[in-house]
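Just so we're aligned: the first sequence equals residues 66 to 510 in this note's numbering.
First comes the structure, then the notes that go with it.
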Amino acid sequence: MPIQPRTLQGFRDYLPATAMPREWIVDTAKRVYRSYGFRPIDTPALEYLEILTGKGSDETDKQLYSFQDQGGRDVGLRFDLTVPLARFVAQHAQEVGLPFKRYHIATVWRGERPQAGRYREFMQCDFDTVGTTALTADIEMVLVVCDLMTALGIDAFTVRVNHRAVLNGLLDKLGLAGKSAAVLRALDKLGKIGPDGVTAELANTAETTAEQTAALLALAGLEGDNDAILAELKTLVAGNTTGERGVSELHELLTAVAAAGVAAGRVRLDPSIARGLDYYTGVVIETQLDELPDFGSVASGGRYDNLASTFTKQELPGVGASLGLDRLLAALEKLDRLPAVSTPADALVCLFDAERRDAYLALAAQLRAAGVGVEVYPEAKKLGKQLQYANKQGFAAAVIIGGNEFDGGEAQVKHLATGDSATVPYDGRDAGAIAAEIRTARDAE
RNA sequence: GUGGCUGUAGCUCAGCUGGUUAGAGUGCCAGAUUGUGAUUCUGGAUGUCGUGGGUUCGAGUCCCAUCAGCCACCCCA
Numbered sequence: 066m067p068i069q070p071r072t073l074q075g076f077r078d079y080l081p082a083t084a085m086p087r088e089w090i091v092d093t094a095k096r097v098y099r100s101y102g103f104r105p106i107d108t109p110a111l112e113y114l115e116i117l118t119g120k121g122s123d124e125t126d127k128q129l130y131s132f133q134d135q136g137g138r139d140v141g142l143r144f145d146l147t148v149p150l151a152r153f154v155a156q157h158a159q160e161v162g163l164p165f166k167r168y169h170i171a172t173v174w175r176g177e178r179p180q181a182g183r184y185r186e187f188m189q190c191d192f193d194t195v196g197t198t199a200l201t202a203d204i205e206m207v208l209v210v211c212d213l214m215t216a217l218g219i220d221a222f223t224v225r226v227n228h229r230a231v232l233n234g235l236l237d238k239l240g241l242a243g244k245s246a247a248v249l250r251a252l253d254k255l256g257k258i259g260p261d262g263v264t265a266e267l268a269n270t271a272e273t274t275a276e277q278t279a280a281l282l283a284l285a286g287l288e289g290d291n292d293a294i295l296a297e298l299k300t301l302v303a304g305n306t307t308g309e310r311g312v313s314e315l316h317e318l319l320t321a322v323a324a325a326g327v328a329a330g331r332v333r334l335d336p337s338i339a340r341g342l343d344y345y346t347g348v349v350i351e352t353q354l355d356e357l358p359d360f361g362s363v364a365s366g367g368r369y370d371n372l373a374s375t376f377t378k379q380e381l382p383g384v385g386a387s388l389g390l391d392r393l394l395a396a397l398e399k400l401d402r403l404p405a406v407s408t409p410a411d412a413l414v415c416l417f418d419a420e421r422r423d424a425y426l427a428l429a430a431q432l433r434a435a436g437v438g439v440e441v442y443p444e445a446k447k448l449g450k451q452l453q454y455a456n457k458q459g460f461a462a463a464v465i466i467g468g469n470e471f472d473g474g475e476a477q478v479k480h481l482a483t484g485d486s487a488t489v490p491y492d493g494r495d496a497g498a499i500a501a502e503i504r505t506a507r508d509a510e
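Here it is as structure tokens:
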């Protein structure tokens, strides 16, 4: 009995058609992050369990993949890249220096129920600035997300911004500071369940009074342009220093982002978003695709005051965000917006004559040296079959050189998309003309 | 982790209230004077009907369990 090939729930295989755009997203993210000076790091997939559970809540603990290794150690798979960053910085702050800007693109695991755009194994593309409380870093976070989305060819997106200090300030004023978790959880759902739903949940979980509820809804339900919301927020938190600081930081951030050239309306103030309740303390952001508003955030983040408090006495404030690669990929797939690349090479060199294999391989080497990617068909099958293969794999061109061409000192470059073929000179050494013709075919696509 | 829906060839699906050798489209493979592909023509293969039990004279069709997918909750990328 053969073993049935299968994959675990929430875990997937990536076929070339999705693996290629996936890599493209990773490459794009790297390029954007690096352009801001973020530096790459990597950390182990497996950590001591205590590292992972130290910071998280009960919720994250439930989602942890954990087990005992062969040495009896309690270990777990990382469920995000922020906790490993905290450990990393606590361990290496001396070496890397502060402020430390890093990006980290890696797989994480969560034992959650899978859903569309939600998996048990997925990749995050994080970038963070650790070691400074300056708002510059918060502003830059928003700029990076905007740049990244644009670089990915996404125009219809909105970055929603809020500030935990505003929320906390209002909670203070209302005497609800002790119930912030329940209150924020309820408010965060405003977009989903509406004011009535939030009212019900607030009454249930936080036991707020009618007055408190009204004030909270007034805050979370604020609409209009950023300036209007800002003005309202100001009056709502008036008299509370925390809240006032939040409002002024938001104001500063929005001004700076606009000054940096981000289109108006792209970054929107949304007092209802609260985000991960555990470590965020300042600015929080969430990025939604305008065409799939209910799909969930594809990039989110925020500021945390004391990232590594469980690992070191040193105060390590930070701010950063994470692009959810697999969620974004699922979204683009749903929107049918994935670039249709199925082969990484530009052309197929047909192996017309088995006797001349070495000549074809030499040609391929010349073409690669000239900067075009080529694949040599491995066996001398019928030309029709080779062309069929070339077409199916998505090559832009096929290079055909048989006895006639060899004798005539030329090569045929067939454009697969149109069926036309061009004859160019080839003396066995200089593949420049072939390479040029392949580029023409590729760029025509 | 809780609840709901779904599960038939590689893919998309059909299969009436349980009844003989389970179908279509597409894809795949082979061929149409062995130097030219996605069109056309001809022929071909494919499924222990997700898996394992049960009810029944008989189950793809009913029941239970299990696995997987989707959806809601929770939470989140």
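All C-beta atoms in this analysis are idealised placements derived from N, C-alpha and C, irrespective of residue type, glycine included.
- Bridge pairing for residue 166: 194 [DSSP].
- Rounded to whole angstroms, the separation of the alpha carbons of residue 161 and residue 201 is 20 Å.
- In the structure shown, residue 308 adopts helical secondary structure according to DSSP, grouped into three states.
- For residue 100, the enclosing alpha helix (DSSP H) starts and ends at 81-100.
- Within the same chain, Cβ atoms closer than 7 Å to the Cβ of residue 305 are found at 234, 237, 238, the five residues on either side in sequence being excluded.
- Residues 319, 334 of the same chain have their beta carbon placed closer than 6 Å to that of residue 291, with the five preceding and five following residues left out of the count.
- For the 8 Å CB-CB criterion, residue 415 and residue 363 do not form a contact.
- For the pair residue 74 and residue 371, the Cα-to-Cα distance works out to about 35 Å.
- Judged by beta-carbon spacing, residue 509 lies beyond the 8 Å limit of residue 489, meaning their Cβ atoms are not closer than that value.
- For residue 112, the enclosing beta strand (DSSP E) begins and ends at 111-113.
- Rounded to whole angstroms, residue 400 and residue 347 show a C-alpha spacing of 33 Å.
- The C-beta distance from residue 365 to residue 351 rounds to 5 Å, short enough to meet the 8 Å contact threshold.
- Burial state of residue 150 is buried, judged by a 10 Å Cβ sphere holding 16 or more other Cβ atoms.
- Spatial neighbours of residue 390 in its own chain (CB-CB distance under 6 Å, excluding positions within 5 residues in sequence) are listed in chain order as 90, 188, 190.
- Taking C-beta atoms as the reference points, residue 295 and residue 282 fail to come closer than 8 Å.
- Boundaries of the alpha helix (DSSP H) harbouring residue 153: 147-161, taken from the DSSP string.
- As DSSP reads the structure, residue 316 sits in no beta bridge.
- In the assembly as shown, residue 491 is a buried residue. Its beta-carbon has 16 or more other beta-carbons within 10 Å.
- Exclusion of the five residues before and after residue 307 leaves 230, 233, 234, 237 as the residues of its chain whose Cβ lies within less than 8 Å of its Cβ.
- Counting of Cβ neighbours within 10 angstroms places residue 457 among the exposed residues, the total staying below 16.
- A direct Cα-to-Cα measurement between residue 402 and residue 222 gives close to 14 Å.
- Residue 422 and residue 467 have their C-alpha atoms spaced approximately 11 Å apart.
- Within the DSSP bridge table, the entry for residue 227 names 349 as partners.
- The residues 376, in chain order, have a CB closer than 8 Å to that of residue 156 in the same chain once the five nearest residues on each side in sequence are set aside.
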